[in-house]
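A short write-up of the structure that comes next.
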Amino acid sequence: MRLSRALPQGHLSGQDTVGDLPAVQNGASKPTIQYGSEPVSWFQKKIRGSTMSLNDHMSKEMNELNLIRCKHIPKRPGCDWHDLPDERILMDAGTQVKLSTGQVVDLIPWCLPNTAKRHDQWKGLYGRLDWEGNFPTSVTDPQPMGKVGMCFHPEQDRIITVRECARSQGFPDSYRFAGNIQCKHRQIGNAVPPPLAYALGRKLKEAIGAER
Numbered sequence: 011m012r013l014s015r016a017l018p019q020g021h022l023s024g025q026d027t028v029g030d031l032p033a034v035q036n037g038a039s040k041p042t043i044q045y046g047s048e049p050v051s052w053f054q055k056k057i058r059g060s061t062m063s064l065n066d067h068m069s070k071e072m073n074e075l076n077l078i079r080c081k082h083i084p085k086r087p088g089c090d091w092h093d094l095p096d097e098r099i100l101m102d103a104g105t106q107v108k109l110s111t112g113q114v115v116d117l118i119p120w121c122l123p124n125t126a127k128r129h130d131q132w133k134g135l136y137g138r139l140d141w142e143g144n145f146p147t148s149v150t151d152p153q154p155m156g157k158v159g160m161c162f163h164p165e166q167d168r169i170i171t172v173r174e175c176a177r178s179q180g181f182p183d184s185y186r187f188a189g190n191i192q193c194k195h196r197q198i199g200n201a202v203p204p205p206l207a208y209a210l211g212r213k214l215k216e217a218i219g220a221e222r
């Protein structure tokens, strides 16, 4: 992929960026899978390049409680923990659901309502990405209670994958990340986005050339 042609050409939405990637489950761990569909946007075509198989489309596994909460977050733009029903989890028969440990749980994390006023209402925690919006700032450890809590897929009940995070930063699909899933996310979160690095380098080259 030539970065000179991969720089943003207007607004890039979440759908434009990762909408062609196949559905995976919470905790998906296969290092390589098939795309399963053709690219749609110019960005998807450019970011794929000549890559035939999809690498690192892996999702951090949430614990049982967070997965239940994720499933109760409505699949609408901007939804986060504020949209969780204020009730204990109920089965169809009306009885309380217990985790595999035997613990009865509340959907809304107890600490959030009690401290919301001091922390801008904890906006975005347990949040879903917006297909028509932008990706949030890339972090080294995407999690629903993290600094950037908006880490749930717009339509699927899971945390966004390594490859989705990589695409949001402009890494071509051919780029492979080393280590386990935590290491891969850390590499992406700490990296300078390749298109930005290219643009800065080009301007620096022009500035040096102008001084000669």
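Residues in the sequence shown are numbered consecutively from 11, following the numbering used here.
For glycine and all other residues, C-beta sits at the position ideal for the given N, C-alpha and C.
DSSP, reduced to helix, strand and coil, places residue 125 within a helical segment of the structure shown. Scanning its chain for C-beta atoms nearer than 7 Å, with the 5 sequence neighbours on each side dropped, one finds around residue 84 the residues 93, in chain order. DSSP, read as helix, strand or coil, puts residue 186 in coil. Here residue 174 is buried. Its C-beta has 16 or more other C-beta atoms within 10 Å. Contact check between the stretch 56-76 and the stretch 159-174: three or more CB pairs, one atom from each, fall below 8 Å, which counts as touching.
Closest in C-alpha terms to residue 51, from the list 89, 205 and 24, comes 24. With contacts defined as CB atoms closer than 9 Å, residue 158 and residue 134 qualify as a contacting pair. The C-beta separation of residue 178 from residue 145 comes to about 4 Å, placing the pair in contact by the 8 Å criterion. Between residue 171 and residue 62, the C-beta spacing is not below 9 Å. Going by C-alpha positions, residue 152 is about 16 Å away from residue 91. With a cutoff of 9 Å on beta-carbon distance, residue 65 and residue 41 are scored as near each other.
Inclusion of residue 182 and residue 46 in the CB contact set at 9 Å is not warranted, their separation being larger than that value. Taking C-beta atoms under 8 Å as the contact rule, residue 53 and residue 22 qualify, at a distance of about 6 Å.
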